[in-house]
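For the sequence shown, counting from 1, position 19 maps to 20 in this note's numbering; every step adds exactly one.
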Amino acid sequence: VVFRAPNYMWLLVFVGLWGFALNLGQPFYSVYILRELPLSTSDLTILTTLQTVGGLVTLTSWGVLGDRFGSKPVMLACSFIWVAAGLPSWLLAGPDRHLHLYLTFFLVGAATAGFQLCQFNLMVKLVPTERKSHYISVFYAVTSLMTALGPVVAGSLALLTAVPNN
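Shown next as structure tokens:
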């Protein structure tokens, strides 16, 4: 029954692919930060903590915006913020240019929180009341699996394309 609801399936596929695509780069961020930037494990911990704080600080605001403008526009705005903050930040990052990453991690955490809140709100609106737990369970199982596959696929591709050290 769950897989026969077209709007629900479109959301499930979109959120799953979004998580997959975002997490393709996940194995490489930490490695780049620790190997190429003059940052330590403590700095990496601070960056990831800032990402969490960004989500916590902005979560209620995303809820208000979602209630006022709807979940789809807020998800779109969060996606834009994620890309607009992340892409130039990582393109500019280097050994002598890395302080902006602290703001980037905060913004990405904020955008991720808004995206996840609105995806959940949108999913709940799409599911019938009598089978809500089935739909929610399948949604999180499938999207979590797709998100978890991102780093695995990226790491595998990296190993396949690695040039041997001879």
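Glycine included, C-beta positions come from ideal geometry on N, C-alpha and C.
Note that the coordinates shown come from a computational prediction; the quantities given were computed from them, not determined experimentally.
Rounded C-alpha distance that separates residue i from residue j
i, j, result
"valine 32", "arginine 69", "40 angstroms"
"glycine 17", "leucine 100", "31 angstroms"
"threonine 49", "leucine 13", "27 angstroms"
"glutamate 131", "isoleucine 137", "12 angstroms"
"arginine 36", "tyrosine 141", "34 angstroms"
"leucine 38", "alanine 94", "8 angstroms"
"serine 145", "isoleucine 82", "22 angstroms"
"threonine 105", "valine 2", "41 angstroms"
"proline 7", "methionine 124", "12 angstroms"
"valine 143", "glycine 156", "20 angstroms"
"serine 90", "isoleucine 47", "17 angstroms"
"proline 165", "proline 96", "25 angstroms"
Test item: CB-CB of residue i and residue j under 7 angstroms
i, j, result
"glutamine 27", "glycine 110", "no"
"glycine 151", "phenylalanine 21", "yes"
"leucine 108", "alanine 78", "no"
"cysteine 119", "methionine 147", "no"
Nearest-angstrom beta carbon gap, residue j and residue i [assumed within contact, 8 angstroms]
i, j, result
"tyrosine 9", "valine 128", "6 angstroms"
"isoleucine 34", "leucine 45", "5 angstroms"
"asparagine 122", "serine 72", "5 angstroms"
Closer than 6 angstroms: residue i CB and nearest the ligand SAM heavy atom
i, result
"tyrosine 136", "Looking at this structure, you won't find the ligand SAM or any other ligand, since it has none at all."
inquiry  = Taking 8 angstroms as the cut-off, does the stretch 102-119 touch the stretch 42-62 (at least 3 CB pairs, one atom from each stretch)?
reply    = Yes: the two stretches touch, three or more of their Cβ pairs being nearer than 8 angstroms.
ask   = Of all the alpha helix (DSSP H) runs that stay within the bounds of the stretch 36-84, which reach a length of 4 or more residues?
value = Those alpha helix (DSSP H) runs which fall completely within the stretch 36-84 and span 4+ residues are 42-70.
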